[in-house]
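**Student:**
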Amino acid sequence: MKSIYLKPVLTGCFVTLLSLSACKEEFLEKEPIGSISESTLATKSGIKGVLIGAYSLLDGVGAVGGSFWSSPTVLSSMASSDAHVGTEPNGLLASYEAYTHDPTSSSTNERWQFLYAAVQRTNDVLRLIPKVTELTADEAAQTKAEAIFLRAVYHFEAAKLWRNVPFLDESVTYDAGNFNVSNTDPIWPKIEADFKYAADNLTPTKSDVGRANKWAAKAFLAKVYMFQQKFTEAKPLLAEIIASGVTSNGKKYALAEQYIDNFKTDKKHGPEAVFTVQMSVYDGANGGNGNAADMYNGPFGGPPSCCYGWLQPSFDLVNSYQTDANGLPMIDTYNNNLVTNDQGLQSSAPFTPYAGNLDARLDWVVGRRGIPYLDWGIHPGMAWIRQQNTGGPYSVIKNIAWQARIATDRENANTNNPYSLIRFADVLLWAAEVEVEIGSLAQAETYVNMIRARAANPAGFVKKYIDNSAPLKGFTNEPAANYKVGLYTGQFVQKGKEFARESVRFERKLELALEHHRFFDLQRYDNGSGYMATYLNKYLKYEAAVPKYFNQDYMKGAFFTKGKNEIYPIPQAQIDLSTKDGKPTLKQNPGY
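Start counting the sequence shown at 2; every next residue gets the next number (my numbering).
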């Protein structure tokens, strides 16, 4: 290793090239200002800076290929039933929603570049450890475990997208000439091994809340098991996490008091935060350390956001939040009735919001006309939508800063809203899945009801404003819509395994909407069964037929191909670069 390109990080501490140190709480980025020799970095402060640099890439920017265009917004949410491209979709973005992308599509190549740059940062840390004599044995052990944890996270993100990817450890370097690594060896055992090492060696708590702890590693290991449908291995691990897991700042894992707490900066280090990507604004980086992956997502033309209006929730997603007379989801029939919307209607025209029963989480997930949009005012509909004919009438909410905190929480479109790679609701719903498959249907129902009980609590409902013309005056106690959320009362056992399975999956759809998990959840459920193709082609057909939704030709002709679109193509540029002795080392995925 001749030199390491490092992006120093800051979160309110002053960081320079000569004094790189871990700051309390967050690990965030500044623009790269050069390279630093290995001799400079082979110090206690130097290696801390390199490790922070590895953490800093969790937000999706800061290395080659990192941008909105290669973010989970594009490669997960736009490719699932959660949302549409919105705005003015160009050919690239439209190709991911319509499943016409190919090995030459730039976003997938950029994501590959970025993730393997991130992997190399973690390996830089591991290569430095033996050369840093100032570290105590405990400091060296924790540094190594954190680097291995991050290496597993970045490889895991790659495996979710392409499945067949190379695993690069610290022995792989340019100088050694061994960088053309095949992608034909199974990746899961190697990712498992890294997470197991991290779980065995990380401490349960950390002085810096943004760092990985033992329980975060165990939760990621459980997630890897879920992707392989290793339910037997996942079951005891999930039970242990639920019973004993704590956050890095020592809080016992639990659901946050209110659903919206998971997306508010002032609540970001709560008990539900299993592993949260740290964000920062107003830190001297002109917003560059904020949530770049979601910076273009939000209302266009209105005060809540200066964004481009991308990631507009789908009709299917909004319809999913309808509930029956008992407040339960309408899993098989939710699309029989379209939730009243203002598609094609000017903001000046009269409109009455949907009056039927709705899950209260809807209006913390989706901005829709006639309903308070955080503390920004009543959503006016078309006036805050860039193009309804391509994106529909809805706006995303979870990445938006509150008006009352705009001076501290948003800078140049980027917010410091937390993004959880895993939150405790994930863990509970994985545990419910496992119970459905190899355990107790009654216990699966109990886990799901824990999630639903929070949604059912009126304290967490969106409320009407005291004064619609002055939303900062606060809220009344009157719900903004007809919210009705009920608990299951034995239906999992009464109706059997298939009903229980679909109920758990539907709960994940509701709870985790627009958090960039949906595509990969569908991928997990599929496992070669064709579930993903059946589900998404039904979704595509439904969206294309919604009245007044013109959604361009790309949507009307969209089709998900079984055995192909479940994973992404290996970027052709990377295959070309992998040539050794006249033959490519990387093998293309099936169907591309």
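By construction, the Cβ of each residue, glycine as well, lies at the ideal position given by its N, Cα and C atoms. No experiment lies behind these values; they were computed from the predicted model shown.
Where does Ser421 sit, in a helix, a strand or coil, going by DSSP?
**Tutor:** strand
**Student:** Residues in the same chain with beta-carbon distance under 8 Å from Thr324, minus the five sequence neighbours each way, listed in chain order, please.
**Tutor:** Pro330, Met331, Asn358, Leu359, Asp360, Lys485, Val486 and Gly487
**Student:** Where does Ala95 sit, in a helix, a strand or coil, going by DSSP?
**Tutor:** helix
**Student:** Would you say the segment 341-350 touches the segment 438-456, given that touching needs at least three Cβ pairs under 8 Å?
**Tutor:** no
**Student:** Check each candidate in Gln444, Ala460, Pro548 and Asp522 and name the one with the smallest Cα separation from Lys498.
**Tutor:** Gln444
**Student:** Going by other Cβ atoms of all chains shown within 10 Å of its Cβ, with 16 needed for buried, is Ile467 buried or exposed?
**Tutor:** exposed
**Student:** Here's the rule I'm using: 16 or more other beta-carbon atoms within 10 Å means buried, otherwise exposed. How should Gln495 be labelled?
**Tutor:** exposed
**Student:** Measuring straight from C-alpha to C-alpha, what distance separates Glu503 and Thr586?
**Tutor:** 40 Å
**Student:** Assuming Ser81 and Leu523 form a contact by the criterion Cβ under 8 Å, report the distance between their Cβ atoms to the nearest whole angstrom.
**Tutor:** 6 Å
**Student:** For Trp311, list the residues DSSP reports as bridge partners.
**Tutor:** According to DSSP, Trp311 bridges with Gly87 and Asn298.
**Student:** Assign Leu203 to one of two classes, buried (16 or more other C-beta atoms within 10 Å of its C-beta) or exposed (fewer than that).
**Tutor:** buried
**Student:** My output table needs one value for Ser396: the three-state DSSP class, helix, strand or coil.
**Tutor:** strand
**Student:** Which residues mark the beginning and the end of the alpha helix (DSSP H) in which Ala199 is found?
**Tutor:** Trp189 to Asn202
**Student:** Taking only three categories from DSSP, how would you classify Lys549?
**Tutor:** Here DSSP, grouped into helix, strand and coil, assigns Lys549 to coil.
**Student:** Going by beta-carbon coordinates alone, are Phe493 and Leu442 separated by less than 7 Å?
**Tutor:** yes
**Student:** Does the distance from the C-beta atom of Pro304 to that of Trp377 stay below 7 Å?
**Tutor:** yes
**Student:** Please report the straight-line C-alpha distance between Ala220 and Tyr198, rounded to a whole angstrom.
**Tutor:** 13 Å
**Student:** Going by alpha carbons, who is nearest to Ser172 out of Lys145, Leu127 and Thr206?
**Tutor:** Leu127
**Student:** Give, in chain order, every unbroken run of the alpha helix (DSSP H) that is at least 4 residues long and sits entirely within the segment 228-281.
**Tutor:** 232-245
**Student:** Rounded to the nearest angstrom, how far is the Cβ of Ser183 from that of Pro205, given a contact under 8 Å?
**Tutor:** In fact, because the Cβ distance is near 37 Å, the residues do not count as touching under 8 Å.
**Student:** Using the Cβ count rule (16 or more neighbours within 10 Å means buried), how would you classify Gly288?
**Tutor:** buried
**Student:** Contact between the segment 278-298 and the segment 416-426: three or more CB pairs below 8 Å?
**Tutor:** yes
**Student:** Give a yes or no on whether the C-beta atoms belonging to Ile568 and Trp70 are separated by under 7 Å.
**Tutor:** no
**Student:** According to DSSP, is Asn483 part of a helix, a strand, or is it coil?
**Tutor:** coil
**Student:** Quick check: the segment 103-116 against the segment 396-414, are at least 3 beta-carbon pairs closer than 8 Å?
**Tutor:** no
**Student:** Gly302 to His380, Cα distance in whole Å?
**Tutor:** 12 Å
**Student:** Considering only the alpha carbon of each residue, which of Asp527, Lys542 and Gly392 lies closest to Asn91?
**Tutor:** Gly392
**Student:** Buried or exposed: where does Ser306 fall if 16 or more other Cβ atoms within 10 Å of its Cβ makes it buried?
**Tutor:** buried
**Student:** Starting from Lys496, follow the alpha helix (DSSP H) in both directions and report where the run begins and ends.
**Tutor:** Its alpha helix (DSSP H) spans residues Gln492 to Lys496.
**Student:** Alpha carbon to alpha carbon, what distance is there between Leu515 and Ser78?
**Tutor:** 6 Å
**Student:** Taking Lys145 as part of the alpha helix (DSSP H), name the residues at either end of that continuous run.
**Tutor:** Counting along the chain, the unbroken alpha helix (DSSP H) around Lys145 starts and ends at Ala138 to Trp163.
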